[in-house]
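**Q** Got a structure for you, questions after.
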């Protein structure tokens, strides 16, 4: 009788652990499937900028970047999903880039800016 009880407890434990593991795998899969968005906004006149990252939608990321920029003349220069974005400037010349890494995004922004005096002004990356 005691052996039967031990087997029943063991079976319940194995089934419970299997269910918990299954739930964790499903949760991780769902989390990995969700895109994360970011955006960078700048104001050419004032030099202000703002950025946002890890938002569930592009619209939310852009709205937050504009809010952080804080000026009426702010405009979104670049948005990105599961990646990085960067903005480079030299006076009125602006270049932006998006890529999987910060270094790549900065290199693209500098290249797009086009002058040798351009400098990366702001960058941001999502966690994914």
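Numbering (the working numbering), first residue to last: -15 to 112. Using N, Cα and C, we set each Cβ at its ideal position, and we do this for glycine too.
So residue 101 packs on residue 80, CB below 8 Å; how close in whole Å?
**A** Their Cβ separation, rounded to whole angstroms, is 17 Å, which puts residue 101 and residue 80 out of contact at 8 Å.
**Q** By the 10 Å Cβ neighbour count, where 16 or more other Cβ atoms means buried, how is residue 43 classified, buried or exposed?
**A** When all chains shown are included, residue 43 counts as exposed.
**Q** Quick one: what's residue 26 bridged to in DSSP?
**A** Paired residues: 33, 59.
**Q** Check the DSSP bridge columns for residue 73 and list the partner residues they point to.
**A** According to DSSP, which records beta bridges pairwise, residue 73 is partnered with 78, 103.
**Q** How would you call residue 51, buried or exposed, if buried means at least 16 neighbouring beta carbons within 10 angstroms?
**A** When all chains shown are included, residue 51 counts as exposed.
**Q** For residue 35 versus residue 24, is the C-beta distance shorter than 8 Å?
**A** Yes; because the gap between Cβ atoms is below 8 Å, this pair is in contact.
**Q** With a threshold of 16 other CB atoms inside 10 Å of the CB of residue 112, please say whether the residue is buried or exposed.
**A** It is exposed - the Cβ of residue 112 has fewer than 16 other Cβ atoms within 10 Å.
**Q** State the CB to CB distance for the pair residue 89 and residue 68, rounded to an integer number of angstroms; the pair is presumed to be in contact (CB under 8 Å).
**A** 4 Å between Cβ atoms; contact.
**Q** Buried or exposed: which applies to residue 87, given that a residue is buried once 16 or more other Cβ atoms fall within 10 Å of its Cβ?
**A** Classification for residue 87: exposed.
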